[in-house]
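According to UniProt numbering, the sequence shown is numbered sequentially starting from 28.
Notes to accompany the following structure.
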Amino acid sequence: PRVELWDGYYLHQYQGFWCPSPFIRPMISFQRHFQAQNEDIILSTYPKSGAIWLKALIFTIVNRSRHTLEQSPLHTNFAHQLIPFFETAIYMNNRTPDLEDLPKPRIFATHAPYSSLPHSIIDSNCRIVYLCRNPLDQFISEWQFLLGIQGNKGKQRSMDEALEMACSGVQSYGPIWEHVLGYWKVSNEQPNKILFLKYEDLKEDTDFYVKKLADFLGYPFSKEEEKEGVIEEISKFCSFDNMKNLEASKTADRHPIGYTTKMFFRKGKLGDWKDYLTPSMAERLEKLMEEKFDGSGLNFKTS
Ligand code: A3P
28 PRVELWDGYY
38 LHQYQGFWCP
48 SPFIRPMISF
58 QRHFQAQNED
68 IILSTYPKSG
78 AIWLKALIFT
88 IVNRSRHTLE
98 QSPLHTNFAH
108 QLIPFFETAI
118 YMNNRTPDLE
128 DLPKPRIFAT
138 HAPYSSLPHS
148 IIDSNCRIVY
158 LCRNPLDQFI
168 SEWQFLLGIQ
178 GNKGKQRSMD
188 EALEMACSGV
198 QSYGPIWEHV
208 LGYWKVSNEQ
218 PNKILFLKYE
228 DLKEDTDFYV
238 KKLADFLGYP
248 FSKEEEKEGV
258 IEEISKFCSF
268 DNMKNLEASK
278 TADRHPIGYT
288 TKMFFRKGKL
298 GDWKDYLTPS
308 MAERLEKLME
318 EKFDGSGLNF
328 KTS
């Protein structure tokens, strides 16, 4: 089955999730051909949950002995280039790219649901960091992002319609509940394999999670580093205000899909949904969250 999100842009149901049509073929190549290595780091995110932020944090933590923050490649390279997505970049134009000899640790990203990950990721000792966000802010972030895509002006569905679709799971990589729960369940069973993070927590105490990420990924901070304030410096370097103003973030170049780098830095705040959703729209999403996450032990802060 497929659904037209707007004029000519389709989502296809693939293995139980709604995948944007341009990414299905690369997704299949990723599933068939990717060979994970034990040192690999895989970032998985639900769309518009802060992938770009997590990429900057992980890249900076893992490479901190290679360059200072002043010399960081993030000044001139967009985080999506430094840590590419499997399905929108790596396998987009090549079914079998040569990834064997990339510098270690190799760091990749994906929006694939847990149940669609290639076996080698599940079976190897590589680590997965998953990031999601409360569905209200996620919905608004995606709505705003889609508005900015070239060629989409005036074609987008009304917010009411889009919400209706999202509530029934029809959204990029939706249903969000299934995506989040897939990783949540495994992260509880295998905490050394999957680190499950929420945007809201990361925002509220970035320093704590920088340390947690470093420990989880096998790059713990030394006592000296802690004393010197390295953790705080990394949080600050990767903060929304700093990243938004890096040279690499300001380009207006359009990617083939129709978005610009700038569009990934919109507001970066908690509770932005309050400026857009009516009380009844918000209530609808909150109720659905309660229902879908009932009994799972998972919940999200929405304000
Ligand atoms: P908003 O649209 O709510 O502002 P993704 O990278 O997964 O596409 O997520 C994009 C969202 O993360 C956007 O949310 C964006 O502004 C926010 N974001 C980008 N960089 C960030 C940072 N350094 N800190 C916090 N949020 C950030």
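Where is the CB? At the ideal position from N, CA and C, for every residue including glycine.
1) Can we count residue 230 as close to the ligand A3P, meaning its CB is less than 7 Å from some heavy atom?
2) How many angstroms separate the CA atom of residue 64 from the CA atom of residue 174?
3) Less than 7 Å between the CB of residue 166 and some heavy atom of the ligand A3P, yes or no?
4) Going by DSSP in three states, residue 129 sits in which element: helix, strand or coil?
5) Given this structure, state the Cα-to-Cα distance separating residue 67 from residue 132, to the nearest angstrom.
6) Rounded to whole angstroms, what is the Cα-Cα separation between residue 159 and residue 141?
7) May I ask you to list the residues that DSSP assigns as paired with residue 45?
8) Check whether the Cβ atoms of residue 165 and residue 203 lie closer than 8 Å to each other.
9) With residue 234 and residue 251 assumed to form a contact (beta carbons below 8 Å), what rounded beta-carbon distance in angstroms separates them?
10) To the nearest angstrom, how far is the alpha carbon of residue 280 from that of residue 287?
11) Of all the options 264, 52, 122 and 313, which has the alpha carbon lying nearest to the alpha carbon of residue 193?
12) Quick check on this structure: which residue in 44, 74 and 58 has the alpha carbon closest to the alpha carbon of residue 149?
13) Given 8 Å as the limit, is there contact between the segment 183-197 and the segment 87-102, that is, 3 or more CB pairs closer than that?
14) Name the residue from 55, 76, 30 and 28 whose alpha carbon lies nearest to the alpha carbon of residue 206.
15) Return yes when the Cβ of residue 200 is within less than 8 Å of the Cβ of residue 71, no when it is not.
16) Could you tell me if residue 161 is buried or exposed, where buried requires 16 or more neighbouring beta carbons within 10 angstroms of its beta carbon?
17) What separation, rounded to the nearest whole angstrom, lies between the Cα atoms of residue 278 and residue 79?
18) So, helix, strand or coil for residue 93, using DSSP?
19) Report yes if the C-beta distance between residue 27 and residue 86 is below 8 Å; otherwise report no.
20) CB-CB under 7 Å to residue 106, same chain, minus the five flanking residues each way: which ones, in chain order?
21) Would you say the beta carbon of residue 270 comes nearer than 7 Å to a heavy atom of the ligand A3P?
22) Taking only the alpha-carbon atoms, compute the straight-line gap between residue 53 and residue 254 and give it to the nearest angstrom.
23) Examine the ligand A3P and report whether any of its heavy atoms sits within less than 7 Å of the Cβ of residue 281.
24) Following a CB-centred definition, is residue 74 positioned closer than 7 Å to any heavy atom of the ligand A3P?
25) Does the segment 117-129 come close enough to the segment 287-300 to have 3 or more Cβ pairs within less than 8 Å?
26) Can you round the beta-carbon distance between residue 238 and residue 248 to whole angstroms, since I take them to be within the 8 Å contact cut?
27) In the DSSP assignment, the beta strand (DSSP E) including residue 221 goes from what residue to what residue?
28) Nearest by alpha-carbon distance to residue 115: which of 282, 330 and 128 is it?
29) Relative to the alpha-carbon of residue 315, which residue among 241, 211 and 191 has its alpha-carbon at the smallest distance?
30) Compare the C-alpha of residue 36 against each of 47, 113, 43 and 268 and name the closest.
31) Which term fits residue 137, buried or exposed, when burial requires 16 or more other beta carbons within 10 angstroms of its beta carbon?
32) How would you label residue 154, buried or exposed, when you count the other beta carbons within 10 angstroms and need 16 or more for buried?
Answer, in terms of the structure:
1) Residue mapping note: residue 230 aligns to position 203 of the sequence shown, counting from 1. The answer is yes for residue 230.
2) If you number the sequence shown from 1, residue 64 lands on position 37. If you number the sequence shown from 1, residue 174 lands on position 147. Approximately 38 Å, taken between the alpha carbons.
3) Taking the first residue of the sequence shown as position 1, residue 166 is located at position 139. The answer is no for residue 166.
4) To locate residue 129, count along the sequence shown from 1; it is residue 102. Correct three-state label for residue 129: coil.
5) Counted from its first residue, the sequence shown places residue 67 at position 40. Counted from its first residue, the sequence shown places residue 132 at position 105. Computed Cα separation, rounded: 5 Å.
6) Against the sequence shown, residue 159 aligns to sequence position 132. Against the sequence shown, residue 141 aligns to sequence position 114. C-alpha separation (whole angstroms): 13 Å.
7) The residue you call residue 45 lines up with position 18 of the sequence shown. Per DSSP, 40.
8) Taking the first residue of the sequence shown as position 1, residue 165 is located at position 138. Taking the first residue of the sequence shown as position 1, residue 203 is located at position 176. Yes, these two residues count as a Cβ contact at 8 Å.
9) Indexing the sequence shown from 1 puts residue 234 at position 207. Indexing the sequence shown from 1 puts residue 251 at position 224. Contact between residue 234 and residue 251 is absent: CB atoms are separated by about 17 Å, not below the 8 Å threshold.
10) The residue given as residue 280 occupies position 253 in the sequence shown. The residue given as residue 287 occupies position 260 in the sequence shown. Spanning the alpha carbons of residue 280 and residue 287 requires a straight line of approximately 6 Å.
11) Counting from one through the sequence shown, the residue named residue 193 turns up at place 166. The option with the nearest alpha carbon to residue 193 is 313.
12) For this step, residue 149 is matched to residue 122 along the sequence shown. Comparing Cα positions, the closest option is 58.
13) Taking a cut-off of 8 Å for Cβ pairs, the segment 183-197 and the segment 87-102 do not touch, as fewer than three such pairs fall below it.
14) Residue numbering aside, residue 206 sits at position 179 when the sequence shown is read from its first letter. Taking each of 55, 76, 30 and 28 in turn and checking the Cα distance to residue 206, the smallest one comes out for 76.
15) Position 44 of the sequence shown holds residue 71. Position 173 of the sequence shown holds residue 200. No, the pair does not count as a contact, with Cβ atoms beyond the cut-off.
16) Counted from its first residue, the sequence shown places residue 161 at position 134. Flag for residue 161 reads buried.
17) Against the sequence shown, residue 278 aligns to sequence position 251. Against the sequence shown, residue 79 aligns to sequence position 52. Per the coordinates, the alpha-carbon of residue 278 lies some 15 Å from the alpha-carbon of residue 79.
18) Taking the sequence shown and counting its residues from 1, the one referred to as residue 93 is at position 66. The answer is coil: DSSP assigns residue 93 none of H, G, I, E or B.
19) Coverage of the chain is limited to positions 28 through 330, which leaves residue 27 absent and any answer about it impossible.
20) One-based indexing of the sequence shown puts residue 106 at position 79. In its chain, beyond the 5 residues on either side, 79, 82, 83 and 86 have a beta carbon closer than 7 Å to the beta carbon of residue 106.
21) Position 243 of the sequence shown holds residue 270. Yes; taking the cut-off as 7 Å, the Cβ of residue 270 has a heavy atom of the ligand A3P nearer than that.
22) As a first step, residue 53 is located in the sequence shown; it is residue number 26 there, counting from the start. As a first step, residue 254 is located in the sequence shown; it is residue number 227 there, counting from the start. Within the model, the alpha-carbon separation for residue 53 versus residue 254 is close to 45 Å.
23) Indexing the sequence shown from 1 puts residue 281 at position 254. Checking the Cβ of residue 281 against the ligand A3P gives no.
24) Taking the first residue of the sequence shown as 1, we reach residue 74 at position 47. At least one heavy atom of the ligand A3P falls within 7 Å of the beta-carbon of residue 74.
25) Three or more Cβ pairs closer than 8 Å define a contact, and the segment 117-129 falls short of that threshold against the segment 287-300.
26) If you number the sequence shown from 1, residue 238 lands on position 211. If you number the sequence shown from 1, residue 248 lands on position 221. 6 Å between Cβ atoms; contact.
27) Counting from 1 along the sequence shown, the entry for residue 221 is found at position 194. First-last of the beta strand (DSSP E) with residue 221: 221-225.
28) Start at 1 with the first residue of the sequence shown, and residue 115 comes out as number 88. The shortest C-alpha to C-alpha distance from residue 115 to any of 282, 330 and 128 is the one to 282.
29) On the sequence shown, position 288 is the one that residue 315 refers to. Nearest to residue 315 by alpha-carbon distance, out of 241, 211 and 191, is 191.
30) As a working mapping, residue 36 is identified with position 9 in the sequence shown. Taking the Cα of residue 36 as reference, the smallest distance to any Cα among 47, 113, 43 and 268 is reached at 47.
31) The count along the sequence shown starts at 1 and reaches residue 137 at position 110. With 16 or more other Cβ atoms within 10 Å, it is buried.
32) Counting from one through the sequence shown, the residue named residue 154 turns up at place 127. Buried, because 16 or more other Cβ atoms sit within 10 Å of the Cβ of residue 154.
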